[in-house]
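S.K.: Going by our numbering, the sequence shown opens with residue 134, and the numbers climb by one from there. Yeah, the Cβ is synthetic: ideal placement off N, Cα and C, and Gly gets one too.
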Amino acid sequence: MAVPLGLRGQTVQGVVAGTVFDKTGGVVPGATVTLTSEGTNVSQLQVTATDGSYRFSLVPPGTYTVTVTAPSFAEKVNRGIIVRASQTVPLNVTLELTSVATTLEVTGASPLVQTASSDLTSSVDRKTIESTALLSRNVYDLAFLAPQVSLGMDLKPTSGGARQSGTAYLLNGAENNDNFSEGGINVIPALESVGEFTMLTNSMSAQYGRAAGAIVSTSQRSGTNKFHGVLYEFNRNRSLNASDFFQNRQGSPKPKYIRNQFGGEIDGPIFKDKTFFSFGIDKVTLERGGELSVQAPTPAEIAAMSDGAGPIAKAYMSKYPTLTPTQNCPNQERDAPTSIGHIGCLNLFNPISEPAMTWFGRIDHNFSVKDRLSFTLNMPRSRYTEKYGGGHPSTTAIPYIEKYHYHNLSLAETHAFGPRILNELTVAHNRHFDVTTEGDGSIRDPELSIDASAYGGLGFGYGAYEGNLIAGFVQDRWQYQDNLGWSVGKHSFKLGFGWMWGNFYRNWDLGLP
Numbered sequence: 134m135a136v137p138l139g140l141r142g143q144t145v146q147g148v149v150a151g152t153v154f155d156k157t158g159g160v161v162p163g164a165t166v167t168l169t170s171e172g173t174n175v176s177q178l179q180v181t182a183t184d185g186s187y188r189f190s191l192v193p194p195g196t197y198t199v200t201v202t203a204p205s206f207a208e209k210v211n212r213g214i215i216v217r218a219s220q221t222v223p224l225n226v227t228l229e230l231t232s233v234a235t236t237l238e239v240t241g242a243s244p245l246v247q248t249a250s251s252d253l254t255s256s257v258d259r260k261t262i263e264s265t266a267l268l269s270r271n272v273y274d275l276a277f278l279a280p281q282v283s284l285g286m287d288l289k290p291t292s293g294g295a296r297q298s299g300t301a302y303l304l305n306g307a308e309n310n311d312n313f314s315e316g317g318i319n320v321i322p323a324l325e326s327v328g329e330f331t332m333l334t335n336s337m338s339a340q341y342g343r344a345a346g347a348i349v350s351t352s353q354r355s356g357t358n359k360f361h362g363v364l365y366e367f368n369r370n371r372s373l374n375a376s377d378f379f380q381n382r383q384g385s386p387k388p389k390y391i392r393n394q395f396g397g398e399i400d401g402p403i404f405k406d407k408t409f410f411s412f413g414i415d416k417v418t419l420e421r422g423g424e425l426s427v428q429a430p431t432p433a434e435i436a437a438m439s440d441g442a443g444p445i446a447k448a449y450m451s452k453y454p455t456l457t458p459t460q461n462c463p464n465q466e467r468d469a470p471t472s473i474g475h476i477g478c479l480n481l482f483n484p485i486s487e488p489a490m491t492w493f494g495r496i497d498h499n500f501s502v503k504d505r506l507s508f509t510l511n512m513p514r515s516r517y518t519e520k521y522g523g524g525h526p527s528t529t530a531i532p533y534i535e536k537y538h539y540h541n542l543s544l545a546e547t548h549a550f551g552p553r554i555l556n557e558l559t560v561a562h563n564r565h566f567d568v569t570t571e572g573d574g575s576i577r578d579p580e581l582s583i584d585a586s587a588y589g590g591l592g593f594g595y596g597a598y599e600g601n602l603i604a605g606f607v608q609d610r611w612q613y614q615d616n617l618g619w620s621v622g623k624h625s626f627k628l629g630f631g632w633m634w635g636n637f638y639r640n641w642d643l644g645l646p
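See below:
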């Protein structure tokens, strides 16, 4: 199935704008304003208009220095200006007259108040991300720090009373939604790759189409002129975990739980002031124990069924020998409420394995002060295996196996047609690949059910569960979007266009006779 998914234009870059004044409050036209990244030393330049205004659009998130010069005025340097995704930084500058070359520096300025728009925005920078305890190291857990955000039915963020599907996820400006599920996220980036996390939770501007609830925007870190690297290992196990309420009530031992998450990230220059890279790997190994309570036929029931079974049923009973029940079923499972319980239930140790690997890569290249190009890749791979999850419990276990292959690729080009006209073009591709098998994928036997209600017993089954002997699902989405910013004096105009195309492929072998 191919579906056009909507038209919209959006960006995760920021804006720096303001007016240059003299000491008397008069505007200073013709002043030169230079915006320089403190990490990459890449600069942009503007000349103030007749009303003294300037505006830098499509500024990548980061820390900047703003330098203002004008004839007969002392140079003014403002350092440590933090630009966040989807936000406008208002920065008015006052120049002082001087007869000699003088430079005035302002360093460590207090946080600037957002006054340029009515957007209600919550931003989390890299320093806060590193110092926040995230149990599963999932960056999207930070969404719950924002006002009016709560936990939805599928344990995903919902904002302002909207449905989970009303939340839109952006990764480096590209679409990152799983459109097949309710409020799903396609790619969860490695935490060490994230540079900034931003959430808009009120009525957003027109550039954010589709979302009725919130915009969750994640920007991944770019390299700078200095090399930077990190290695990490995080461990969780049952010795460090507490038992839950039900385990304490039943006196059950803590189940097996061993989770290790380790990896690394490195970034830096390929060519200083020109080309930068960032690369990271994140790996998770998780082994945990699960408990499975099932009904199984007693030896007497098996003998009774064998006497009247046909050749197909006998073949199934021979191929999938049942496990022997060890305890009475709870009263409500048989002849409730007067029953004292019957033998026929079994508790199994059902081990679960969940390995995962995520690769991240980014290249940024500055062709000139007018042109920059950025390519980003995110590619997670994971697998879920449950020993007895694929079929009715037997001495030959039928596992449930699910494989997930995702990727998010984006290419963004920013071009300045002049000091007042800037354009950003983004092309992206998202893929969600999910295949589920009962057993090793070679099982072709449909499920066999035996109805034992005629003699007051429970029904039993043999073989793989019906519904998904093999289930394959692929979601492909292409995205094209273009944003044009145009400044005229103190006025700014933003035009955008977005196009998305999605293909959904589904293969479902029900496993029914």
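1. Could you have a look at D274 and say whether DSSP puts it in helix, strand or coil?
2. With 16 other CB atoms within 10 Å as the buried threshold, where does H624 fall?
3. Excluding five sequence neighbours on each side, which residues of the same chain lie with their C-beta closer than 6 Å to the C-beta of Q146?
4. Cα-Cα, which of G294, S352, A207 is closest to G285?
5. Just to confirm, are Q177 and V502 a CB contact at a threshold of 8 Å?
6. Just how far apart, CA to CA, sit V222 and Y197?
7. Quick one, are the C-beta atoms of L303 and I262 less than 8 Å apart?
8. Taking Cβ positions, are N541 and N309 nearer each other than 8 Å?
9. What residue range is occupied by the uninterrupted beta strand (DSSP E) comprising R259?
10. Leaving out five residues on either side along the sequence, give the residues of the same chain with a beta carbon under 7 Å from the beta carbon of P532.
11. For A307, which residues from the same chain have a beta carbon less than 7 Å from its beta carbon, with the 5 sequence-adjacent residues on both sides left out?
12. Mind listing, in chain order, the continuous alpha helix (DSSP H) runs of no fewer than 4 residues lying wholly within the stretch 277-360?
13. What residue range does the beta strand (DSSP E) around A489 cover?
14. Would you kindly check if the distance between the Cβ of G328 and the Cβ of L364 is under 8 Å?
15. Express the C-alpha separation of V199 and A150 in angstroms, rounding to a whole number.
16. What is the DSSP secondary structure of E599, counted as helix, strand or coil?
17. Taking buried to mean at least 16 other C-beta atoms within 10 Å of its own C-beta, is R639 buried or exposed?
18. Starting from the Cα of I414, find the closest Cα among E208, G594, S326, L267 and give me that residue.
19. Please classify P430: is it buried, with 16 or more other beta-carbons within 10 angstroms of its beta-carbon, or exposed?
20. Determine the closest residue to D609 out of N312, V160, S376, S256, with distance taken between C-alpha atoms.
21. Can you tell me whether Q380 is helix, strand or coil according to DSSP?
22. Between which two residues does the alpha helix (DSSP H) carrying K452 extend?
23. Taking only three categories from DSSP, how would you classify D184?
24. Give the list of continuous beta strand (DSSP E) stretches no shorter than 3 residues that lie fully inside the stretch 380-436.
25. Tell me whether H525 is buried or exposed, calling it buried when 16 or more other Cβ atoms sit within 10 Å of its Cβ.
26. What does a CB cutoff of less than 6 Å around R371 pick up in its chain, not counting 5 residues either side in sequence?
27. Around the C-beta of F189, are 16 or more other C-beta atoms found within 10 angstroms, so that it is buried, or is it exposed?
28. Residues bridged to Y533 by DSSP?
29. Applying the criterion that 16 or more other CB atoms from any shown protein chain within 10 Å of the CB defines a buried residue, is N374 buried or exposed?
30. What number of angstroms, rounded off, separates the C-alpha of T169 from the C-alpha of Q281?
31. T165 lies in the beta strand (DSSP E); which residues open and close that run?
32. Just to check my reading of the structure: F410 and I496 have Cβ atoms closer than 8 Å, yes? What is that Cβ distance to the nearest angstrom?
33. For chain D, check one thing: does any of its Cβ atoms lie closer than 8 Å to the Cβ of G524?
34. Give every residue of the same chain whose Cβ lies closer than 6 Å to the Cβ of T183, excluding the five residues on either side of it in the sequence, and list them in chain order.
35. Could you work out which residue in A345, V257, V427 is closest to G477 when comparing CA atoms only?
36. Should L628 be labelled buried (16 or more other beta-carbon atoms within 10 Å of its own) or exposed?
M.R.: Straight from the coordinates:
1. helix
2. exposed
3. L191, V192, P193
4. G294
5. yes
6. 11 Å
7. no
8. yes
9. From DSSP, R259 is part of no beta strand (DSSP E) but of the alpha helix (DSSP H) over 259-264.
10. T518, E519, K520, G522, G523, G572
11. N541, S543, T559, A561, Q612
12. none
13. 489-501
14. no
15. 11 Å
16. coil
17. exposed
18. S326
19. buried
20. N312
21. helix
22. 444-452
23. coil
24. 390-404, 408-421, 424-428
25. buried
26. K387, Y390
27. buried
28. E519, E571
29. exposed
30. 36 Å
31. 165-170
32. 6 Å
33. Chain labels in this structure do not include chain D; a single protein chain is all it has.
34. P162
35. V427
36. exposed
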